[in-house]
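Asker:
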Amino acid sequence: MRDYSLDSAFVRQLDQELLEFIGKGLENRDEETFNRLALKEFELQFHTVKPYREFCQRKGITPDTISSWEEIPAVPTLAFKKFVLTTFPPERAVQSYMSSGTTDFTHRSRIYRDRRAVEIMVQANALLTREYLFPDRERMRILFFAPSPRLVPTMGMAVGLGEVRRLFGTEDSTFLITYRGLELETLLRALHEAEETGEPIALIGATSAFIYFLRACEKEGLRFELPPGSRICDGGGYQGQFGECSREEFWDMCARILNVPSHYCINVLGMAETSTNFFDNVLRNHLRGWRKVRYKELPPWTRLRIVDPETLEPVPPGEPGLLCHYDLANRAMMFAVQTDNVGVAVEDGFEILGRWRKRDGRVYLDRTFQHPGGRVLNTLTEFLLRRKFSRIGSVYDRIIGR
Numbered sequence: 221m222r223d224y225s226l227d228s229a230f231v232r233q234l235d236q237e238l239l240e241f242i243g244k245g246l247e248n249r250d251e252e253t254f255n256r257l258a259l260k261e262f263e264l265q266f267h268t269v270k271p272y273r274e275f276c277q278r279k280g281i282t283p284d285t286i287s288s289w290e291e292i293p294a295v296p297t298l299a300f301k302k303f304v305l306t307t308f309p310p311e312r313a314v315q316s317y318m319s320s321g322t323t324d325f326t327h328r329s330r331i332y333r334d335r336r337a338v339e340i341m342v343q344a345n346a347l348l349t350r351e352y353l354f355p356d357r358e359r360m361r362i363l364f365f366a367p368s369p370r371l372v373p374t375m376g377m378a379v380g381l382g383e384v385r386r387l388f389g390t391e392d393s394t395f396l397i398t399y400r401g402l403e404l405e406t407l408l409r410a411l412h413e414a415e416e417t418g419e420p421i422a423l424i425g426a427t428s429a430f431i432y433f434l435r436a437c438e439k440e441g442l443r444f445e446l447p448p449g450s451r452i453c454d455g456g457g458y459q460g461q462f463g464e465c466s467r468e469e470f471w472d473m474c475a476r477i478l479n480v481p482s483h484y485c486i487n488v489l490g491m492a493e494t495s496t497n498f499f500d501n502v503l504r505n506h507l508r509g510w511r512k513v514r515y516k517e518l519p520p521w522t523r524l525r526i527v528d529p530e531t532l533e534p535v536p537p538g539e540p541g542l543l544c545h546y547d548l549a550n551r552a553m554m555f556a557v558q559t560d561n562v563g564v565a566v567e568d569g570f571e572i573l574g575r576w577r578k579r580d581g582r583v584y585l586d587r588t589f590q591h592p593g594g595r596v597l598n599t600l601t602e603f604l605l606r607r608k609f610s611r612i613g614s615v616y617d618r619i620i621g622r
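Counting from 1, position 214 in the sequence shown corresponds to residue 434 in the working numbering; the numbering is continuous, with no gaps.
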């Protein structure tokens, strides 16, 4: 039998091929190589992940019976909450954390990645972050509405943002959530300094944090004239409603209160069960002079099928359905992941509409906002932000010497 261990020639060669394929960038259109690598990943995952192998065998599918990535069985996100779905022994993981538990905090996915899997994920998301969030800047000052990975090393979102700081942030980039809660004075001083120096600044974090901040500024009559080139990247508010406001209202507040126009507001979707983040294309399009609608583009190492919630068969073009992601960067776990996110295809990408829910025999589309850190962090964040932002006016007056 072929050796599929982490140090085997098979896995080492696969990892090298994945890095090379991702490294070809966003213009890569090599469908043949994508399909070949997808089938190799399926072979690896079939032979190393027992629950997945049994799942495939019940469907009558093995690596010998298929020839296309579209035939690879997708794992429901619920399975990550019940099983450890990794292609290597978890004790060899260099990253291990729990998913957010946005749907059910009592059952959270267990996520493990080995060293080379982390390298693949970092390379993929660094390329995307450069292309969609910082296409015009090598580095800039970044304020993170989030805790640092040192504070919460088991939170995937914090770990990912730590990589963003390392690769794209200046030395004065900082995480605003500490053991003491939100560092409100640090935030307001940084915004004031940006106004004074004319140096653009980036704000990155959960949509809910921005909502509370912008509402507090609005209540106190605070306005900031952030320099041109400043930008906002939010995650979590991707379900049609951005917390307490629509996305159009969100962009309007960013423009009125921070002087950040909508084409510098980038929403990102990331999930614990997959490795690739999906960014709005709006800033990239703006800087290139392209007139395209805003949506999340698919990088060349991913594919997407939108399927009917009941039959799991592809829906007609333009119809909403459940998002099924296929991600070559997810070698450590599952290439094909069936989510409960509802979305619609848009050109060469997609947009999310909400989540598919069943309750008391009733099926409905849930547009309720959830912090990407999960229900507990959602509640904690709300408590901390409401408490801190209630002082925003007096703190700002002290900073500017009123």
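Using N, Cα and C, we set each Cβ at its ideal position, and we do this for glycine too.
Alpha carbons only, please: which of 275, 546, 434 is nearest the one belonging to residue 475?
Answerer: Cα-wise, what sits closest to residue 475 is 434.
Asker: At which residue ranges does the stretch 285-371 contain complete beta strand (DSSP E) runs of 3 or more residues, listed in the order of the chain?
Answerer: Counting whole runs of 3 or more residues, the stretch 285-371 contains the beta strand (DSSP E) stretches 315-318, 330-333, 361-367.
Asker: For residue 508, name the three-state secondary structure that DSSP assigns.
Answerer: If DSSP states are grouped into helix, strand and coil, residue 508 belongs with the helices.
Asker: Going along the chain, which unbroken runs of the alpha helix (DSSP H) with 4 or more residues stay wholly within the stretch 230-263?
Answerer: List check, alpha helix (DSSP H) in window: nothing returned.
Asker: Go ahead and pull the three-state DSSP assignment for residue 481.
Answerer: Correct three-state label for residue 481: coil.
Asker: Is residue 492 helix, strand or coil by DSSP?
Answerer: Three-state result, residue 492: coil.
Asker: Mind checking residue 314: buried by the 16 CB within 10 Å criterion, or exposed?
Answerer: That one is exposed.
Asker: Just tell me which of 263, 540, 370, 492 has its CA closest to the CA of residue 288.
Answerer: Closest by alpha carbon: 263.
Asker: According to DSSP, residue 498 sits in a beta bridge with which residue or residues?
Answerer: Residue 498 is bridged to 489.
Asker: Reducing DSSP to helix, strand and coil, say where residue 438 ends up.
Answerer: In the structure shown, residue 438 sits in a helix (DSSP, three-state: H, G or I).
Asker: Does the ligand GDP have even one heavy atom less than 6 Å from the beta-carbon of residue 451?
Answerer: As presented, the structure is devoid of all ligands, the ligand GDP included, so that no description of it is given.
Asker: Do the stretch 290-303 and the stretch 541-558 meet, that is, are 3 or more Cβ pairs less than 8 Å apart?
Answerer: Flag = yes, the stretch 290-303 and the stretch 541-558 touch.
Asker: Using only the alpha-carbon positions, how far apart do residue 490 and residue 517 sit?
Answerer: Those two C-alpha atoms are separated by around 13 Å.
Asker: Please classify residue 467 as buried or exposed, where buried requires at least 16 neighbouring CB atoms within 10 angstroms.
Answerer: Residue 467 is buried by the Cβ-count criterion.
Asker: Could you pull out every residue in the same chain whose Cβ sits closer than 7 Å to the Cβ of residue 294, ignoring the five residues on either side in sequence?
Answerer: So the qualifying residues of the chain are 544, 556, 557, 558.
Asker: Specify the secondary structure class of residue 571 as computed by DSSP and reduced to three states.
Answerer: If DSSP states are grouped into helix, strand and coil, residue 571 belongs with the strands.
Asker: List the whole-angstrom C-beta distance separating residue 353 from residue 394, where the pair is believed to meet the contact cut-off of C-beta under 8 Å.
Answerer: Wrong, their Cβ atoms sit about 18 Å apart, outside the cutoff.
Asker: Ordered along the chain, which non-local residues of its own chain (more than five positions away) have a Cβ less than 7 Å from that of residue 406?
Answerer: Hits under 7 Å: 394, 396.
Asker: Could you round the C-beta distance between residue 619 and residue 437 to whole angstroms and report it? I think they count as a contact, below 8 Å.
Answerer: In fact, because the Cβ distance is near 14 Å, the residues do not count as touching under 8 Å.
Asker: Please state whether DSSP places residue 451 in a helix, a strand or coil.
Answerer: In this structure, residue 451 counts as strand in the three-state DSSP scheme.
Asker: With distances taken Cα to Cα, identify the nearest neighbour of residue 286 among 358, 260, 309.
Answerer: With distances taken between Cα atoms, residue 286 lies closest to 260.
Asker: Assuming residue 560 is part of the alpha helix (DSSP H), what are its boundary residues?
Answerer: No alpha helix (DSSP H) holds residue 560; the beta strand (DSSP E) holding it covers 556-566.
Asker: Where does residue 425 fall in DSSP's three states?
Answerer: Three-state DSSP puts residue 425 in a strand.
Asker: Would residue 334 pass as a contact of residue 234 if the rule is Cβ separation under 7 Å?
Answerer: No, these two residues do not count as a Cβ contact at 7 Å.
Asker: For residue 563, which option in 542, 408, 546 has the closest C-alpha, if you only look at C-alpha atoms?
Answerer: When only C-alpha atoms are compared, the closest one is 542.
Asker: If we ignore side chains and look at the alpha-carbon of each, how far apart do residue 423 and residue 369 end up?
Answerer: Cα to Cα, the separation comes out at about 17 Å.
Asker: Using CA coordinates, which residue listed in 292, 317, 439, 419 is at the minimum distance from residue 216?
Answerer: Residue 216 is absent from the structure shown; the chain starts at 221 and stops at 622.
Asker: Using DSSP with H/G/I as helix, E/B as strand and the rest coil, what is residue 222?
Answerer: Reduced to three states, the DSSP call for residue 222 is coil.
Asker: With which residues is residue 546 paired in a DSSP beta bridge?
Answerer: Paired residues: 523, 556.
Asker: Let me check understanding here. Comparing Cα to Cα, which of 277, 290, 337 lies closest to residue 306?
Answerer: Among 277, 290, 337, the Cα nearest to that of residue 306 is on 337.
Asker: DSSP three-state label for residue 534, please.
Answerer: Looking at residue 534 - three-state DSSP - the assignment turns out to be strand.
Asker: Count the other C-beta atoms from every protein chain shown that fall within 10 angstroms of the C-beta of residue 240, then say buried if there are 16 or more, exposed otherwise.
Answerer: By the neighbour-count rule (16 or more Cβ atoms within 10 Å), residue 240 is not buried but exposed.
Asker: At which residues does the beta strand (DSSP E) containing residue 396 begin and terminate?
Answerer: Start and end: 394-398.
Asker: Alpha carbon to alpha carbon, how far is residue 621 from residue 608? Give it in angstroms, no decimals.
Answerer: Distance between the alpha carbons of residue 608 and residue 621 is about 20 Å.
Asker: Out of 426, 392, 428, 429, state which residue places its alpha-carbon closest to the alpha-carbon of residue 413.
Answerer: Among 426, 392, 428, 429, the Cα nearest to that of residue 413 belongs to 392.
Asker: With a 10 Å radius around its C-beta and 16 neighbouring C-beta atoms as the bar for buried, classify residue 251 as buried or exposed.
Answerer: Looking at its Cβ environment, which holds fewer than 16 other Cβ atoms inside 10 Å, residue 251 is exposed.
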